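K.L.:
What the sequence shown shows, in the numbering used here, is residues 3 to 203, in sequence order.
For glycine and all other residues, C-beta sits at the position ideal for the given N, C-alpha and C.
As the structure is a computational prediction, the values presented were derived from the model and not from experiment.
The structure follows.
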Amino acid sequence: MKLYSHPVSPFARKARVIAHELGLKLEIVHIESARKDDNLRSVNPLKQIPVLVLDDGSSLFDSPVICEYLNHIGGGKFFPGMNIFKHNSGRWKALGLQALGDGIADAAVAWRYELVEPEDRRNPDRIARSLATVTAGLNALERVNFAKDPTIGEISVACALGYVDFRLPDLDWKSSRPKLSAWYAQFCEFKSMKATVPAAP
């Protein structure tokens, strides 16, 4: 299987973390810029990363789909199953937490795109909206009771925080969120997190 990825992408990192945890081998295809790489559209019509190309040549895209597929073929437990007798089986919390982590990552990526633009081309409104979303998301995470056994929710959150730390180092989010900061520090001790630390290509 081939994973079209970028070493800083929080969305591709989710897939890499799960693959590492489950012992799944992925051939990483480095995409320098999804915006500029016209060949990417041949595997993903949406021209976004990550993309997982299966052995039969078909493609899966959007990180939640890729992660659930890897979890399925690797026999993982990162996506809690549904229980018809319990409406609160843990699955909805995990998926909701994944959405929150992905939303923070989306806003952080948008913020980063604005910051690398020449100052006269930056969109102040977009920067303000992105900052507000990241801040509100982090505040919500400070109130979360994370699962003892990590799910896709915890993985998504950790990858989003890793991106924020790497791309937006001036955002001092840890000092005012001690519970989240302590959880994140502990989560980063997993070998899969250490093996997938964001790095400039």
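With distance defined between alpha-carbon atoms, name the residue in V19, D172, D40 and R15 nearest to F192.
P.N.:
Position 190 of the sequence shown, counted from the start, is the residue given in the question as residue 192. Taking only the C-alpha atoms, the option nearest F192 is V19.
K.L.:
Does the beta-carbon distance from R179 to V10 come in below 9 Å?
P.N.:
The residue labelled residue 179 in the question sits at position 177 within the sequence shown. The residue labelled residue 10 in the question sits at position 8 within the sequence shown. Not a contact, by the Cβ cut-off of 9 Å.
K.L.:
Could you give the first and the last residue of the continuous alpha helix (DSSP H) run that contains H32?
P.N.:
Position 30 of the sequence shown holds residue 32. Here H32 belongs to no alpha helix (DSSP H); instead the beta strand (DSSP E) covers E29 to H32.
K.L.:
Apart from the five residues on each side of it in sequence, which residues of its chain come closer than 7 Å, Cβ to Cβ, to R126?
P.N.:
Counting from one through the sequence shown, the residue named residue 126 turns up at place 124. First, the residue type needs correcting, since residue 126 is Pro and not Arg in the sequence shown. Cβ within range, chain order: n/a, list empty.
K.L.:
Is R15 closer than 9 Å to T198 when the C-beta atoms are compared?
P.N.:
Residue 198 sits at position 196 when you count from the first residue of the sequence shown. Residue 15 sits at position 13 when you count from the first residue of the sequence shown. Yes; because the gap between Cβ atoms is below 9 Å, this pair is in contact.
K.L.:
Would you give the residue range spanned by the beta strand (DSSP E) that K193 belongs to?
P.N.:
Translated into positions along the sequence shown, residue 193 becomes position 191. Boundaries around K193 are those of the alpha helix (DSSP H), K193 to K196, since no beta strand (DSSP E) includes it.
K.L.:
Just curious, the alpha helix (DSSP H) that F13 is in, first and last residue?
P.N.:
On the sequence shown, position 11 is the one that residue 13 refers to. Segment P12 to L24, the alpha helix (DSSP H) holding F13.
K.L.:
Between L102 and A134, how many whole angstroms is the CB-CB distance? I'm expecting something under 8 Å.
P.N.:
By 1-based counting over the sequence shown, the position of residue 102 is 100. By 1-based counting over the sequence shown, the position of residue 134 is 132. That pair is no contact at about 15 Å.
K.L.:
For the putative contact between N46 and S61, defined by C-beta atoms under 8 Å, what is the C-beta separation to the nearest angstrom?
P.N.:
Residue mapping note: residue 46 aligns to position 44 of the sequence shown, counting from 1. Residue mapping note: residue 61 aligns to position 59 of the sequence shown, counting from 1. The Cβ separation is near 6 Å, so the contact holds.
K.L.:
Using three-state DSSP, classify V159 as helix, strand or coil.
P.N.:
Here residue 159 refers to the residue found at position 157 when the sequence shown is read from its first residue. Three-state DSSP puts V159 in a helix.
K.L.:
Should S35 go down as buried or exposed, given a rule of 16 or more other Cβ atoms within 10 Å for buried?
P.N.:
Stepping through the sequence shown from its first residue, residue 35 is reached at position 33. By the neighbour-count rule (16 or more Cβ atoms within 10 Å), S35 is not buried but exposed.
K.L.:
Pick out whichever of L99, Y6 and W94 has its Cα sitting closest to the Cα of V31.
P.N.:
Position 29 of the sequence shown, counting from 1, holds the residue named residue 31. Nearest C-alpha to V31: Y6.
K.L.:
Is the separation between the beta-carbon of P12 and that of Y186 shorter than 9 Å?
P.N.:
One-based indexing of the sequence shown puts residue 12 at position 10. One-based indexing of the sequence shown puts residue 186 at position 184. No, these two residues do not count as a Cβ contact at 9 Å.
K.L.:
Any idea what DSSP makes of L97, helix, strand or coil?
P.N.:
Reading the sequence shown from its first residue, position 95 is the one you call residue 97. In the structure shown, L97 sits in a helix (DSSP, three-state: H, G or I).
K.L.:
Identify, in the order they occur along the chain, each residue of the same chain with its Cβ nearer than 6 Å to the Cβ of A1, setting aside the five sequence neighbours on each side.
P.N.:
Nothing about residue 1 can be read from this structure; the chain reaches only from 3 to 203.
K.L.:
Classify I106: buried if its beta carbon has 16 or more other beta carbons within 10 angstroms, exposed otherwise.
P.N.:
Taking the sequence shown and counting its residues from 1, one reaches residue 106 at position 104. Looking at its Cβ environment, which holds 16 or more other Cβ atoms inside 10 Å, I106 is buried.
K.L.:
I need the boundaries of the alpha helix (DSSP H) containing V55, first residue and last residue.
P.N.:
Walking along the sequence shown from the start, residue 55 turns up at place 53. Per DSSP, V55 belongs to no alpha helix (DSSP H); it is in the beta strand (DSSP E), V53 to V55.
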